[in-house]
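One structure below.
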Amino acid sequence: MQHLSQGTREARTFDAIVVGSGLTGGWAAKDLCEKGLKTLVLERGRKVEHGKDYTTFAKNPWDFRYPNGRTPQDEVEKHYQKQQRTGYTVNDQWNHWFVKDDEHPYTETKRFDWIRGYHVGGRSITWGRQSYRWSDLDFEANAKEGVGVDWPVRYADLAPWYDYVERWMGVSGSKEGLPQLPDGIFQPPMDFNAVEKDLKARVEGRYPERRITIGRTAHLTKPTGEQMKLGRGTCQSRNLCMRGCVFGAYMSSNGASLIAADHTDNMTLQPDSIVTEVIFDAKLNKATGVRVQDAHTKEITEYYAKVIFLCASTLNSTWLMLHSKSDRFPNGFGNDSDELGRNVMDHHLGVGAQADVDGYEDRYYSGRRPNGIYIPRFRNLGDGGTKRNDFARGYGYQGGASRTGWQRLVAEMGFGKELKDDISEPGPWTIGIGGFGEMLPYRDNRVTMNSDVKDIDGLPTLKFDVSIRQNELNMRKDMQASAEEMLAAAGFKNVRGFDRPYGPGLGIHEMGTARMGRDPKTSVLNSWAQVHACTNVYVTDGSFMTSAACVNPSLTYLAMTARAADHAVTALKRGEL
Amino acid sequence: MMDRRELLHRASMLLGGTISAGASAGILAGCVATPWVDGPTPVGATGNFLTPMEMTAITSMADHIIPKTDTPGALDVGVPAFIDRMLAGYYLQRERDVMRSGLARINADAQALRGVSFLQLTSDEQVELMKRYDREQYDYTRANATTQPPPAPHFFRLVKELTILGFCSSEAGATKLMSYNQTPGPYRGDVPLSEIGKVSAL
Chain S
769 MQHLSQGTRE ARTFDAIVVG SGLTGGWAAK DLCEKGLKTL VLERGRKVEH
819 GKDYTTFAKN PWDFRYPNGR TPQDEVEKHY QKQQRTGYTV NDQWNHWFVK
869 DDEHPYTETK RFDWIRGYHV GGRSITWGRQ SYRWSDLDFE ANAKEGVGVD
919 WPVRYADLAP WYDYVERWMG VSGSKEGLPQ LPDGIFQPPM DFNAVEKDLK
969 ARVEGRYPER RITIGRTAHL TKPTGEQMKL GRGTCQSRNL CMRGCVFGAY
1019 MSSNGASLIA ADHTDNMTLQ PDSIVTEVIF DAKLNKATGV RVQDAHTKEI
1069 TEYYAKVIFL CASTLNSTWL MLHSKSDRFP NGFGNDSDEL GRNVMDHHLG
1119 VGAQADVDGY EDRYYSGRRP NGIYIPRFRN LGDGGTKRND FARGYGYQGG
1169 ASRTGWQRLV AEMGFGKELK DDISEPGPWT IGIGGFGEML PYRDNRVTMN
1219 SDVKDIDGLP TLKFDVSIRQ NELNMRKDMQ ASAEEMLAAA GFKNVRGFDR
1269 PYGPGLGIHE MGTARMGRDP KTSVLNSWAQ VHACTNVYVT DGSFMTSAAC
1319 VNPSLTYLAM TARAADHAVT ALKRGEL
Chain V
208 MMDRRELLHR ASMLLGGTIS AGASAGILAG CVATPWVDGP TPVGATGNFL
258 TPMEMTAITS MADHIIPKTD TPGALDVGVP AFIDRMLAGY YLQRERDVMR
308 SGLARINADA QALRGVSFLQ LTSDEQVELM KRYDREQYDY TRANATTQPP
358 PAPHFFRLVK ELTILGFCSS EAGATKLMSY NQTPGPYRGD VPLSEIGKVS
408 AL
């Protein structure tokens, strides 16, 4: 029995509903509100206020219960067995931005790393911030190779939205003129250090098809007036970003888009609200609203709107659609194609090389750059010279050089005064680069609903059956070999390749489970990210991805979100939704 | 070099000045009991895993690993109590067992060497034994670098790692021996070391 006690139906009716307040939800909220729509933003997790709720922001290493936020091992075992697989997510500096696995379980047929944060702002607080455009090399690949289905959009469709997103959120980077990695609208690039400068010169000299650039990252290096008006400032190179940034120096929902949305007075942001169902009206052939379970009381309330944006993160939007069954959609909302929950993709990583660097003892850097170097894709670029016969698509590398600190002394022999003197000295330089590889869409890489395992809210959970295949495995060999080759070519010592065990999801780039396509029979969403069978619902988180490319996906999610929001408002005005 | 009176004083200080007559007698007598358990072993964030006698041995080793010079040393920043707290509240039983049996072993080794406890060795003798353990832990850790799942650490690796960690993440360690700046300002990528001076603590 529903208890529709939260005010009148009128009070629960909006122009638009956005499900989720992470990176894409925040952006959808901003654009819809700025375009005049009364918008309800529903977030399953707790409220987080920019600045005020970044509780660890100013803490020193000695202010935590254990050094620099180390989480006791029994707590890790009890709460974070899966969340800790990245090696960096579980730490008291930012544990409050990640779910506890015992509260939000899922089931793995094969290892799948699903790293999540349930609170206002979602993973926009903890994301990697690397921001790269796609090119038509990516958008055309499926069609050319007969893989999956064709993207219903091309670079030209997204280019103006990339412009808009980069300009508004701020991306620091360097223009390179590469066809496979289009330049954007950049704030000044961050610096290379001394070793990286030499790596760049030597690798580019030896391999003309390879380029080393500085990471393109959503940090402000020269804020615009518009950004400063929102209270955002220049990056202070703390590299403690995952604690949350009171300077608003990197793009997050909390520090940017939700503030802008709030300034319009059109936004109602409601935390602790788990959307469990999209309400579909078969007579109108429209979604009329959503059903919400209160995270504390479990009370059910319905909210209504003309247009609904699902931005709950890829697998949670997919969960929501699978969970929204009706006579019209017995297999899940919008799932006429049976593609919902399929084609799970990530970027496979954890493979590359490291090396020791002699010399440069008199060089150092000031600050901790929250960014690295980037080596854009140089395989299978469409010409004979870069063609690989052992795998399709390609990969890029992220990495960097730095001087070791006191941590190196643990592994060395010796103690006493000499050890103590060494604590104050910067150690030798080391360098490392790791690949991010494109993963192809495979129909049988899928998530399904699992009613046998319930989460803390009493809701069914997801079951994963996802793996990388021969194309990815072949690519990984080349990712390691090319990394070793470049570090050796640069003259560095003791080059050590690595290929660490990888579980899909470890890249935290899960995507593709409600893909876009031209044909409703083989895809869930159309070219505007509208559900084919119910066009007043847009899905603009990573669900819509028809292929993965090899670059970090968030900028493309945001460009697609902005494009969809514009489309929705225009369509509403025309009475088309 | 620390004489026994100073050692006792320090042990007493880090136990809150309430070292028992029995414990001090034990320290002076060399506390040869094996296994070396003579106190309470509750586990919690406030520490109290190590026994008073184990604490004196840890104190002695931490002092040798990072001595006080013209800058603070491990004992000045409370490393022994830190190690106790880590063992009690951070680690699991495996590391506690490693430490407990390691501390029993150093005493047994001292007995075999000189017929006295570790604490009764001269400072130089303690250092000699520690050098042996250092070599052992280095070889053991290297030999097991790729073993999966990682085996339990060597006890001296644990002692050394915890001493360095406790010291370098203390306020004095980070700010007096290193350059500590939580908010450095805009990044500059290529700067002469002479301009920065010391290594960054973070």
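Those protein sequences? They're chains S and V, same order as listed. The numbering used here puts the first sequence at residues 769 to 1345. The numbering used here puts the second sequence at residues 208 to 409. The beta carbon of each residue, even a glycine, is placed where N, CA and C say it ideally should be.
| message | If distances are taken between C-alpha atoms only, which option among 293/V, 265/V and 358/V comes closest to residue 282/V? | response | Of the candidates 293/V, 265/V and 358/V, the residue whose Cα lies closest to the Cα of residue 282/V is 265/V.
| task | Tell me whether residue 1077/S sits in a helix, a strand or coil according to DSSP, three-state version. | result | It is a strand residue.
| What is the DSSP secondary structure of residue 1092/S, counted as helix, strand or coil? | Secondary structure of residue 1092/S (DSSP, three-state): coil.
| said: DSSP has residue 359/V in a bridge; who is on the other side? | reply: None, per the DSSP bridge assignment.
| From the beta carbon of residue 290/V, is the nearest beta carbon of chain S less than 8 Å away? | Chain S, which has no Cβ nearer than 8 Å to the Cβ of residue 290/V, makes this no.
| task | Could you work out which residues of chain V lie near residue 1321/S, taking near to mean beta carbons separated by less than 7 Å? | result | Here the premise fails: no neighbours, minimum Cβ distance about 25 Å.
| request: With 7 Å as the limit, tell me which residues of the segment 1006-1023 of chain S have their beta carbon closer than that to any beta carbon of chain V; keep them in chain order. | output: Cβ contacts with chain V come from 1006.
| message | Measuring only the C-alpha atoms, how far is residue 357/V from residue 852/S? | response | Separation of residue 357/V and residue 852/S (C-alpha to C-alpha, rounded to the nearest whole angstrom) is 16 Å.
| field | Beta-carbon proximity check, residue 1293/S vs residue 1282/S, cutoff 8 Å | value | In this structure, residue 1282/S lies closer than 8 Å to residue 1293/S by Cβ.
| task | Please classify residue 1266/S: does DSSP put it in a helix, a strand, or coil? | result | In this structure, residue 1266/S counts as strand in the three-state DSSP scheme.
| task | Measure from the alpha carbon of residue 985/S to the alpha carbon of each residue in 1007/S, 979/S, 1158/S and 997/S, then state which is nearest. | result | If we check each option's Cα against that of residue 985/S, 1007/S comes out closest.
| message | Using 8 Å as the threshold, is the C-beta distance between residue 860/S and residue 839/S below it? | response | The answer is yes: Cβ separation under 8 Å.
| request: Please report the residue range of the alpha helix (DSSP H) in which residue 312/V lies. | output: Taken as a continuous stretch (DSSP letters only), the alpha helix (DSSP H) holding residue 312/V covers 300-321.
| query | Does DSSP put residue 942/S in a helix, a strand or coil? | reply | If DSSP states are grouped into helix, strand and coil, residue 942/S belongs with coil.
| Can you find a CB in chain S that lies within less than 8 Å of the CB of residue 396/V? | Taking Cβ atoms only, chain S reaches closer than 8 Å to residue 396/V, which makes this a yes.
| message | Output needed for residue 1329/S: all residues of its chain with C-beta closer than 6 Å, excluding positions within five of it in sequence on either side, in chain order. | response | Close CB contacts of residue 1329/S within its chain, under the 6 Å cut and outside five residues either way in sequence, are with 792, 795, 796 and 1308 (chain order).
| query | Does residue 246/V have its Cβ less than 8 Å from a Cβ in chain S? | reply | For residue 246/V, the pLDDT reaches just 36, beneath the cut-off of 50, and the residue's location in the model is therefore unreliable, although a value from the coordinates is still provided. Chain S contact via Cβ: absent.
| query | Do you know how far the Cα of residue 291/V is from the Cα of residue 826/S? | reply | Rounded to the nearest angstrom, the two C-alpha atoms are 27 Å apart.
| message | Rounded to the nearest angstrom, what separates residue 1316/S and residue 882/S at their Cα positions? | response | Cα to Cα, residue 1316/S sits roughly 17 Å from residue 882/S.
| request: Report yes if the C-beta distance between residue 401/V and residue 385/V is below 8 Å; otherwise report no. | output: No, Cβ-Cβ distance for residue 401/V and residue 385/V is not below 8 Å.
| field | Minimum C-alpha distance to residue 932/S - residue among 1046/S, 1059/S, 1331/S and 1003/S | value | Measuring from the Cα of residue 932/S, the nearest candidate turns out to be 1331/S.
| message | Looking only at its chain, what residues have a beta carbon closer than 7 Å to the beta carbon of residue 1215/S, apart from the 5 residues adjacent to it on each side? | response | Sequence-distant partners of residue 1215/S (beyond 5 residues in either direction) whose C-beta falls short of 7 Å from its own C-beta, in its chain, are 1083, 1086, 1109, 1112, 1230, 1231, 1232 and 1281.
| message | At 4 residues or longer, what runs of the alpha helix (DSSP H) sit wholly inside the segment 836-908 of chain S? | response | The qualifying runs are 841-847 and 904-907.
| query | At a Cβ threshold of 8 Å, is residue 1345/S touching chain V? | reply | No, residue 1345/S does not count as interfacial toward chain V.
| Are the beta-carbon atoms of residue 1015/S and residue 1001/S separated by less than 8 Å? | Contact: yes.
| request: In angstroms with no decimal places, state the Cα-to-Cα distance between residue 784/S and residue 890/S. | output: Distance between the alpha carbons of residue 784/S and residue 890/S: 20 Å.
| Going along the chain, which residues of its own chain have a beta-carbon closer than 6 Å to the beta-carbon of residue 906/S, five neighbours each way excluded? | Result list for residue 906/S: 1317, in chain order.
| query | Going by beta carbon distance, what residues of the same chain come within less than 8 Å of residue 1048/S, once the five residues before and after it are set aside? | reply | Closer than 8 Å at the Cβ level, and outside the excluded window around residue 1048/S, lie 1054, 1055, 1056, 1092, 1094, 1096, 1097, 1101 and 1302.
| field | Helix, strand or coil at residue 1197/S according to DSSP, with G and I counted as helix | value | Judged by DSSP in its simplified three-state form, residue 1197/S adopts strand.
| query | At a cut of 8 Å, does the segment 338-347 of chain V reach the segment 1176-1190 of chain S through at least three beta carbon pairs? | reply | Short answer: they touch.
| task | Establish whether the CB of residue 239/V and some CB of chain S are separated by less than 8 Å. | result | With a pLDDT of 33 at residue 239/V, under the threshold of 50, the modelled position of that residue is not reliable, and no figure is offered here.
| field | Enclosing alpha helix (DSSP H) for residue 1248/S [first to last residue] | value | From DSSP, the alpha helix (DSSP H) with residue 1248/S extends over 1238-1257.
| query | Comparing the C-beta of residue 1169/S with each C-beta of chain V, is any distance below 8 Å? | reply | It does not; no Cβ of chain V falls within 8 Å.
| Counting only beta-carbon atoms, is residue 1341/S nearer than 8 Å to chain V? | Closer than 8 Å: no.
| query | Mind pulling the chain S residues with CB within less than 7 Å of residue 296/V? | reply | For residue 296/V, the chain S residues whose C-beta falls within less than 7 Å of its own C-beta are 840, listed in chain order.
| What's the C-alpha gap between residue 316/V and residue 351/V? | Between residue 316/V and residue 351/V, the C-alpha separation is close to 24 Å.
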